[in-house]
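Here this note's numbering is used: the first residue of the sequence shown is 14, the next is one more, and so on. Since the structure comes first, as C-alpha cells, the remarks are kept for the end.
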Amino acid sequence: MPQTQPENDQKQGRRLRRPDKVAQQIRERIVEANLQPGDRLPNDWLQPEVVKVSRGTLREALKVLEFQGLITTKSGPGGGIFVSAVEPGEAIRLLDNLFLFNTPTISDIYALRKQLEPELAASVAGSLSEETFVALQGCIRLYEDEPKTAEEEYAQRLAELEFHEELARHCPNPLLAFTCNFLLSLLRDMTVCRSIYKEPNPALRETGLHYQVRLLRTIKAGDKQLCRDIMREHMEHAEVYMLERATMRTPGK
C-alpha cells in the first residue's frame, strides 16, 4: 500500500508540528469524503473538542491549509471554510523556491524539455480550436520584428516561451502540462538565462519562428510523429544555443 505523507515524513526523520499533523488529517478527510472545490468543510471537523486539539492548534492547522491553497475562508452570510483548488501557477511558484538555492543547470532543464516538449506537441496535434491557433499566432507576432532595445529582445524571448505555455494549457495530460510549465518557469528565473534572453540575436529569432510556424502547421494537420520530430529538433537547437551563450558568460572562458 502507498505510504501516507506522515509515514513518509517519519521515515525521512522529519518531526511534524502538531498543527501540521492536524492539517494533514483534515486534508486526508477531504480526500476520503470526496469533497470538491467549493464544498464547505463539515462543522464537526472544525470543533476542537471533536478533533481533540486546542482551539489555537486547530486555528494554526487551518492557516496551514489555507497557505497551501487547499481551503479558503469566507465571512458574512453563507460564509464558512470551503475546499479550494490549488492554482498551478501558485504551485509552480512554491516549487521554484525549492530550487532557489540549488539551481538546476541549463543542461538539467533541457534534458527534460527534449523528452517532454515533443510529447506535449504530439498531445495537442489535431485537437486545437481556431481560437487557440489565433492565440499561438499572437505569440509569434510579438517577435516577428527585429527588437530595437534589450527590453524588447527580452520581451520577445518571453513571448517565445509563452508559445510553449499556450500549448501546455491545452494538453490533455495535466502532469505533462504542469511539468513543462515548471521547466519554463525555471528558465525565466535563472539569472544566466535572463542575461542571454536580452542579447540581440536575429538568427535565433528567425530560427524560433521557423520551428514554431512549422509546428503550427503540423499540429493543425494532426501529424503527431512529425510534431514530435519538429519539437525535438527545436529543443536540441535551443539547448545548443543556450549552452554556448552560458559558456561565453562564464569567467575565464
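Beta carbons are placed, not taken as given, at the ideal position from N, Cα and C, and that holds for glycine. These numbers come from a predicted model, not from an experiment.
Counting only unbroken stretches of 4 or more residues, the alpha helix (DSSP H) elements lying wholly within the stretch 54-95 are 61-64 and 68-80, in sequence order. Taking 8 angstroms as the cut-off, the Cβ atoms of Leu-141 and His-183 count as close. Each residue's CA atom was taken as its position, placing Gln-38 and Leu-229 some 47 angstroms apart. The C-alpha of Pro-131 is placed about 5 angstroms away from the C-alpha of Arg-245.
Per DSSP, reduced to three states, the secondary structure at Leu-188 is helical. Taking C-alpha positions only, Asp-242 is separated from Asn-115 by approximately 32 angstroms. Shortest Cα-Cα distance from Lys-87 to any of Ala-104, Gly-51 and Glu-103 involves Gly-51. Residue burial annotation: Pro-185 is exposed, with fewer than 16 other C-beta atoms found within 10 angstroms of its C-beta.
Put simply, the backbone Cα of Gln-150 is about 43 angstroms away from that of Glu-41.
For Ala-36, the enclosing alpha helix (DSSP H) stretches over residues 31-45. When DSSP states are grouped into helix, strand and coil, Tyr-156 belongs to the coil group. Ala-104 and Glu-212 have their alpha carbons spaced roughly 30 angstroms apart.
The straight-line gap separating the alpha-carbon atoms of Phe-80 and Val-64 is approximately 20 angstroms.
Looking from the CA of Ala-135, the closest CA among Arg-218, His-223, Leu-180 and Asp-202 belongs to Leu-180. In this structure, the alpha-carbon of Glu-166 lies about 7 angstroms from that of Tyr-210. Put simply, of His-223, Arg-28, Lys-233 and Leu-196 the residue whose alpha carbon is nearest the alpha carbon of Pro-117 is Leu-196. Exposed is the label assigned to Gln-60, since fewer than 16 other Cβ atoms lie within 10 Å of its Cβ. Beyond the five residues adjoining it in sequence on each side, Phe-191 comes within less than 7 angstroms, by CB distance, of Pro-101 in the same chain, given in chain order. Between the alpha carbons of Gly-221 and Glu-73 lies a distance of about 49 angstroms.
Between Ile-122 and Leu-199 a beta carbon distance of about 6 angstroms is seen, short of the 8 angstroms cut, so the two are scored as contacting.
For Glu-143, the three-state secondary structure derived from DSSP is helix. Cβ-Cβ distances below 7 angstroms link Cys-152 to Ala-172, Glu-175, Phe-176 and Glu-179 in the same chain, with the five nearest sequence neighbours on each side left out; the list follows chain order. Nearest neighbour of Val-96 by Cα position, chosen from Gly-89, Leu-107, Arg-227 and Leu-75, turns out to be Leu-75. Exposed is the label assigned to Thr-204, since fewer than 16 other Cβ atoms lie within 10 Å of its Cβ. Look at Lys-161 here: in three-state DSSP terms it is coil, with no helix or strand label. In the structure shown, Leu-113 adopts coil according to DSSP, grouped into three states.
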